[in-house]
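First comes the structure, then the notes that go with it.
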Amino acid sequence: MTEAATRFDYIIIGAGSAGCLLAKRLSEDPHVSVLLIEAGGRDNYPWIHIPVGYLYCIDNPRTDWRFRTIPISGLNGRSLLYPRGRTLGGCSSINGMIYMRGQARDYDHWAEVTGDSAWRWDACLEDFKRHEDHYRLDPGADGDVEHQRFHGHGGEWRIERQRFSWQVLDDFAAAAQQAGIPATDDFNRGDNEGVDYFEVNQRSGWRWNTAKAFLRGALARPNLTLWHSSMVERLLFETTSRDESDTKEADAPEGEQQPRCTGVRVRHAGKARAVRANREVVLSAGAIGSPHLLQLSGIGPRELLEQYQIPVLKEAPGVGENLQDHLQLRAVYRLRDAKTLNTMANSAWGKMRIAWDYLVKRSGPMSMAPSQLGIFTRSSEDQPWPNLEFHVQPLSLEAFGQPLHDFPAITASVCNLNPTSRGSVRIQSTDPSHGPKIAPNYLSTEEDRKVAADSLRVVRRIVQQAAFAHYSPQEMKPGTDFQSDEELAKVAGDIGTTIFHPVGTAVMGGREDPMAVVDSHLRVHGVSGLRVVDASVMPTIVSGNTNSPTLMIAEKAADWIKRGV
Numbered sequence: 001m002t003e004a005a006t007r008f009d010y011i012i013i014g015a016g017s018a019g020c021l022l023a024k025r026l027s028e029d030p031h032v033s034v035l036l037i038e039a040g041g042r043d044n045y046p047w048i049h050i051p052v053g054y055l056y057c058i059d060n061p062r063t064d065w066r067f068r069t070i071p072i073s074g075l076n077g078r079s080l081l082y083p084r085g086r087t088l089g090g091c092s093s094i095n096g097m098i099y100m101r102g103q104a105r106d107y108d109h110w111a112e113v114t115g116d117s118a119w120r121w122d123a124c125l126e127d128f129k130r131h132e133d134h135y136r137l138d139p140g141a142d143g144d145v146e147h148q149r150f151h152g153h154g155g156e157w158r159i160e161r162q163r164f165s166w167q168v169l170d171d172f173a174a175a176a177q178q179a180g181i182p183a184t185d186d187f188n189r190g191d192n193e194g195v196d197y198f199e200v201n202q203r204s205g206w207r208w209n210t211a212k213a214f215l216r217g218a219l220a221r222p223n224l225t226l227w228h229s230s231m232v233e234r235l236l237f238e239t240t241s242r243d244e245s246d247t248k249e250a251d252a253p254e255g256e257q258q259p260r261c262t263g264v265r266v267r268h269a270g271k272a273r274a275v276r277a278n279r280e281v282v283l284s285a286g287a288i289g290s291p292h293l294l295q296l297s298g299i300g301p302r303e304l305l306e307q308y309q310i311p312v313l314k315e316a317p318g319v320g321e322n323l324q325d326h327l328q329l330r331a332v333y334r335l336r337d338a339k340t341l342n343t344m345a346n347s348a349w350g351k352m353r354i355a356w357d358y359l360v361k362r363s364g365p366m367s368m369a370p371s372q373l374g375i376f377t378r379s380s381e382d383q384p385w386p387n388l389e390f391h392v393q394p395l396s397l398e399a400f401g402q403p404l405h406d407f408p409a410i411t412a413s414v415c416n417l418n419p420t421s422r423g424s425v426r427i428q429s430t431d432p433s434h435g436p437k438i439a440p441n442y443l444s445t446e447e448d449r450k451v452a453a454d455s456l457r458v459v460r461r462i463v464q465q466a467a468f469a470h471y472s473p474q475e476m477k478p479g480t481d482f483q484s485d486e487e488l489a490k491v492a493g494d495i496g497t498t499i500f501h502p503v504g505t506a507v508m509g510g511r512e513d514p515m516a517v518v519d520s521h522l523r524v525h526g527v528s529g530l531r532v533v534d535a536s537v538m539p540t541i542v543s544g545n546t547n548s549p550t551l552m553i554a555e556k557a558a559d560w561i562k563r564g565v
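Residue numbers (the numbering used here): 1 to 565.
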């Protein structure tokens, strides 16, 4: 490879949800060159594309980084598998496919803490709509003026209704309404309170990941280069003065000496090489990968970097801190005379029927998202907004990866949308291939423990309603022996697990905030030529699933990058 070939205008690290969108948007200008680097391989593993295939993608080295947390005291000393996508499409290739934006107040809060109205809900809504292709706006569909106000059509990101429903979930939804939770027909208008089936990122029964959505077609452009199976080992820098830099922080003092990110060192095709960026390097490696790479490159907490003898390029105490995630508590109920996936999948005839339905109609259980029915509600009457999300499934098992139970059952997983517990992501080696130390610190605050106890009581209230009574539900997890706040909080530590929504490890905020890593346009404080564009920049976790908000962030960033602001 010649020296000229190792220079690009933009280098994007990570071909996940944000990176794929950025690559398409930036390469729309034929006069710029874009390099997209992905540590994982192509998304040609068949199970990526069959919706139920997430079962075979999580904890699979072909598609998953296979991280694990440290033992967590709030989970009674347990360590968790911590899946992160390692393939084209990133987590959109292995996630639950649920299309969810969160609540309007999430984005209004971001605008408040950053001082930038670009993050208000009304402004973010336009970025959500820009890449949407919503089924309700298809020709002949039931979309109305209200749907046109809140949704887009003709974009890359396909959103469809699920292709399979269950009577047991319909009855659970009816019970939720009897328990005082209203029905809704759209979780994505800014107030997601209610119960309904989730909408999903699928197209005609196939998973629709961001590699399909944004890279297909774009990779034919001569100015977009993809290097997959290539690990970025560190960022490269030069020191420049403020007035010599063309991409910089808007509020950096004139003449200030600051490092400029000029490229990356990447292991590609079996060789380590330096690749230079004429304009910007964009870090889109996710809430685990982005802080890890920043720390390896000398941007992070001084004490941590010095512990591993990494020269401190820029002291940034917030890098890797403020980790937030949604902890799901899996409540399992054994049922009588119910058709669930347990009963279907535990017979030869049932398995044949499942395969036939998908082969012929792209329907049935193989087309299912991991969770079908959604509920957003409050853990108690004194909560000012919906602070719980339920993912309800017509199945049960002891733990992820284990066989389904041989009796009919449902699982109602509930998570605290606004946890106050904060964790961290920190290097534990100077070897880039050695994963970081992940410490989510779930249930480390009294508020989170109280919400956990109350949320399990909400599940009990729903299953006790008349609409569900004919199933004679029997609580298997957590078990009726647990009643007090203390007992329920402790058992929450036994049954809780991640729902795969880590955010916040490189948060945006003003220079006056010592923990802010990037400014409101996602430029790294004190460093020119470098942005972080992924879920790590969220100051607070959204009140819902995190994939589509990450795409919105990338949509906004692509516009800023192209305008040089």
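Beta carbons are placed, not taken as given, at the ideal position from N, Cα and C, and that holds for glycine.
What did DSSP end up calling residue i once you bin it into helix, strand or coil?
i, result
"A274", "strand"
"G14", "coil"
"T63", "coil"
"W47", "helix"
"E233", "strand"
"S165", "coil"
"T540", "coil"
"K490", "helix"
"Q324", "strand"
"R207", "strand"
"M508", "strand"
"S290", "helix"
"V145", "helix"
"E315", "strand"
"V503", "strand"
"G496", "strand"
"R523", "strand"
"E3", "Model confidence at E3 stands at a pLDDT of 44, short of 50, so the residue's coordinates are unreliable and nothing is read from them."
"L26", "helix"
"K339", "coil"
"A439", "strand"
"V425", "strand"
"V518", "strand"
Take the Cβ of residue i as the centre, count every other Cβ of all protein chains shown within 10 Å, and call the residue buried at 16 or more, exposed below.
i, result
"L359", "exposed"
"D534", "buried"
"T239", "exposed"
"W356", "exposed"
"W349", "exposed"
"Q372", "buried"
"A18", "buried"
"D106", "buried"
"P549", "buried"
"S606", "Any question about residue 606 goes unanswered here, given that the chain covers just 1 to 565."
"V565", "exposed"
"A469", "exposed"
"N44", "exposed"
"P71", "exposed"
"E156", "buried"
"T430", "exposed"
"E512", "exposed"
On the premise that residue j lies in contact with residue i, defined as a C-beta separation below 8 Å, what is that separation, rounded to the nearest angstrom?
i, j, result
"R276", "R7", "5 Å"
"P370", "Y54", "6 Å"
"C415", "L327", "6 Å"
"Y99", "E38", "The pair is not a contact, with the Cβ atoms about 23 Å apart (cut-off 8 Å)."
"H501", "N545", "7 Å"
"M538", "G318", "Their Cβ separation, rounded to whole angstroms, is 13 Å, which puts M538 and G318 out of contact at 8 Å."
"F390", "A409", "16 Å between Cβ atoms; not a contact."
In the DSSP output, what is residue i paired with across the bridge?
i, result
"L36", "I12 and L226"
"D108", "DSSP, once it has assigned bridges, lists no residue as partnering D108."
"H268", "K271"
"D133", "R158"
"Q474", "R334"
"E280", "Y10"
"N416", "L388"
"G85", "D64"
"Y197", "L373"
Flag residue i as yes if its beta-carbon sits less than 8 Å from any beta-carbon of chain C, otherwise no.
i, result
"S520", "You won't find chain C in this structure, because it holds only one protein chain."
So does residue i have its beta carbon nearer than 7 Å to some heavy atom of the ligand MG?
i, result
"N278", "Of ligands this structure carries none, so the ligand MG is not represented either."
Worksheet item: Contact between the segment 111 to 122 and the segment 56 to 69: three or more CB pairs below 8 Å?
Response: These segments do not touch.
Worksheet entry | the segment 212 to 231 / the segment 18 to 32 touching (three or more Cβ pairs under 8 Å) | Output reads yes: the segment 18 to 32 touches the segment 212 to 231.
Practice prompt. Examine the Cβ distances between the segment 228 to 238 and the segment 255 to 268 and report whether three or more of them are shorter than 8 Å.
Written response: Contact between the segment 228 to 238 and the segment 255 to 268 is established, with three or more Cβ pairs separated by less than 8 Å.
Discussion item. With three or more beta-carbon pairs closer than 8 Å as the criterion, would you say the segment 512 to 530 touches the segment 491 to 502?
Written reply: Contact between the segment 512 to 530 and the segment 491 to 502 is absent, because fewer than three Cβ pairs lie under 8 Å.
Worksheet item: Counting pairs of Cβ atoms below 8 Å between the segment 221 to 228 and the segment 158 to 174, do you hit three or more?
Response: Contact fails between the segment 221 to 228 and the segment 158 to 174, because fewer than three Cβ pairs, one in each stretch, are under 8 Å apart.
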